[in-house]
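S.K.:
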Amino acid sequence: MPAQPARAPPALVTIETNGFLLRTLVPADVTPRFVEWINDARMREGLNLPELGFTAERLAQFIAGFDGVHHHFIGIFDRANGLLLGFYTLDVSLAHKVGNITASIGEPEYAGQRVFWRTIDALLDHFFTFRNIDKITARILAKNHGMLFNFVGNTRFVCEARLRKECLTPAGERVDVLVFASFKDGKREDGTAP
12 MPAQPARAPP ALVTIETNGF LLRTLVPADV TPRFVEWIND ARMREGLNLP ELGFTAERLA
72 QFIAGFDGVH HHFIGIFDRA NGLLLGFYTL DVSLAHKVGN ITASIGEPEY AGQRVFWRTI
132 DALLDHFFTF RNIDKITARI LAKNHGMLFN FVGNTRFVCE ARLRKECLTP AGERVDVLVF
192 ASFKDGKRED GTAP
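Below, the structure written as structure tokens:
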């Protein structure tokens, strides 16, 4: 059986937009500050995560597990000072040409500064144009008002569903999840614009 040709590594995401740099995170991006805020209760609560207990080594291993094809971990950096202030993750089904996005801001001084409003369009455009994705969804806890602010009223997204009592919080509380979607062609299944 002939040897399979070596696969080229996936292209890293690198996007400059509105004073921010979005780029694929690599293990070398781990800093003590990154470890601090990714373990922070405020950040975890918005993502409905239990205590993570990341050390620098464990976080670097976690980042190395993203393959850049099916799973993306993309840092949001302030172009003015180079500070990593948050991230997007995107899980992709290539067979269905869909992705599910998660996002969080870790640096407290950037909370409420409309970072996602200023970066999400460029990220969507990148995946729709260069990664052959047709639809990207976001599943957001109905009680996460800070994150909902980024999707309600955003013309790139439409609320597709409210999943009642969809998941459990780490404390055992049942919570609703809202599902928002963005489409490559800018239209919903019924042909209308969001």
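So the number in our numbering is just where the residue sits in the sequence shown, counting from 1, plus 11.
Think of the CB as a built atom: it goes at the ideal place given N, C-alpha and C, for glycine as much as any other residue.
Exposed or buried, K176, counting other C-beta atoms within 10 Å across all chains shown (16 or more means buried)?
M.R.: Here residue 176 refers to the residue found at position 165 when the sequence shown is read from its first residue. Exposed.
S.K.: One question on the structure: do G30 and A91 come within less than 8 Å of each other, judged by their Cβ atoms?
M.R.: Mapped onto the sequence shown, residue 30 falls at position 19. Mapped onto the sequence shown, residue 91 falls at position 80. Cβ atoms of G30 and A91: closer than 8 Å.
S.K.: Please classify L101 as buried or exposed, where buried requires at least 16 neighbouring CB atoms within 10 angstroms.
M.R.: Along the sequence shown, one-based indexing puts residue 101 at 90. Its Cβ being crowded by 16 or more others within 10 Å, L101 is buried.
S.K.: From M54, T25 and V24, pick the residue whose C-alpha is nearest to that of M158; which is it?
M.R.: Counting from 1 along the sequence shown, the entry for residue 158 is found at position 147. That would be M54, whose Cα lies nearest to the Cα of M158.
S.K.: For V188 versus A153, is the C-beta distance shorter than 8 Å?
M.R.: Stepping through the sequence shown from its first residue, residue 188 is reached at position 177. Stepping through the sequence shown from its first residue, residue 153 is reached at position 142. Yes, Cβ-Cβ distance for V188 and A153 is below 8 Å.
S.K.: How would you label V24, buried or exposed, when you count the other beta carbons within 10 angstroms and need 16 or more for buried?
M.R.: Reading the sequence shown from its first residue, position 13 is the one you call residue 24. That one is buried.
S.K.: With distance defined between alpha-carbon atoms, name the residue in V80, D145 and F160 nearest to R129.
M.R.: Here residue 129 corresponds to residue number 118 of the sequence shown, with the count starting at 1. Checking every option, the nearest Cα to that of R129 belongs to F160.
S.K.: Who does D89 pair with in a DSSP beta bridge?
M.R.: The residue given as residue 89 occupies position 78 in the sequence shown. Bridge partners of D89: F31.
S.K.: For K195 versus D145, is the C-beta spacing smaller than 8 Å?
M.R.: On the sequence shown, position 184 is the one that residue 195 refers to. On the sequence shown, position 134 is the one that residue 145 refers to. Yes. Within cutoff.
S.K.: Under three-state DSSP, which class holds G97?
M.R.: In the sequence shown, the residue the question calls residue 97 occupies position 86. It is a strand residue.
S.K.: Run the CB neighbour count on F141, radius 10 Å, all protein chains shown included, and call it buried at 16 or more, exposed below.
M.R.: In the sequence shown, residue 141 corresponds to position 130, counting from 1. F141 comes out exposed.
S.K.: Within the segment 99-148, note down every full beta strand (DSSP E) run reaching 3 residues or more, in order along the chain.
M.R.: DSSP runs (the beta strand (DSSP E)) wholly in the segment 99-148: 109-116.
S.K.: Can you give me the start and stop residues for the beta strand (DSSP E) that L36 sits inside?
M.R.: Counting from one through the sequence shown, the residue named residue 36 turns up at place 25. Taken as a continuous stretch (DSSP letters only), L36 belongs to no beta strand (DSSP E), as it is neither H nor E.
S.K.: Write down the C-beta distance between D40 and G86 rounded to the nearest angstrom, noting that I regard them as a contact closer than 8 Å.
M.R.: Locating residue 40 in the sequence shown gives position 29, counting from the first residue. Locating residue 86 in the sequence shown gives position 75, counting from the first residue. Confirmed, Cβ separation roughly 6 Å.
S.K.: Assign A149 to one of two classes, buried (16 or more other C-beta atoms within 10 Å of its C-beta) or exposed (fewer than that).
M.R.: As a working mapping, residue 149 is identified with position 138 in the sequence shown. A149 should be labelled buried.
S.K.: Please determine, among I26, H83 and L94, the residue with the shortest C-alpha to C-alpha distance to P43.
M.R.: The residue labelled residue 43 in the question sits at position 32 within the sequence shown. For P43, the nearest C-alpha among the options comes from L94.
S.K.: Check for me: the beta strand (DSSP E) holding L179 runs from which residue to which?
M.R.: The residue you call residue 179 lines up with position 168 of the sequence shown. L179 -> beta strand (DSSP E) spans V169 to L179.
S.K.: Which whole-angstrom value describes the C-beta separation of F138 and F162, a residue pair presumed to lie in contact below a C-beta threshold of 8 Å?
M.R.: If you number the sequence shown from 1, residue 138 lands on position 127. If you number the sequence shown from 1, residue 162 lands on position 151. In fact, because the Cβ distance is near 17 Å, the residues do not count as touching under 8 Å.
S.K.: Rounding to the nearest angstrom, what Cα-Cα distance links A106 and I147 in this structure?
M.R.: As a position in the sequence shown, residue 106 is number 95, starting the count at 1. As a position in the sequence shown, residue 147 is number 136, starting the count at 1. Approximately 14 Å between the Cα atoms of the pair.
S.K.: What do you reckon, are the CB atoms on T35 and G79 nearer than 8 Å?
M.R.: Translated into the one-based positions of the sequence shown, residue 35 becomes position 24. Translated into the one-based positions of the sequence shown, residue 79 becomes position 68. Their beta carbons are under 8 Å apart, which means T35 touches G79 by this criterion.
S.K.: Check each candidate in E56, G57, P61 and I74 and name the one with the smallest Cα separation from F45.
M.R.: Numbered from 1 along the sequence shown, position 34 holds the residue referred to as residue 45. For F45, the nearest C-alpha among the options comes from I74.
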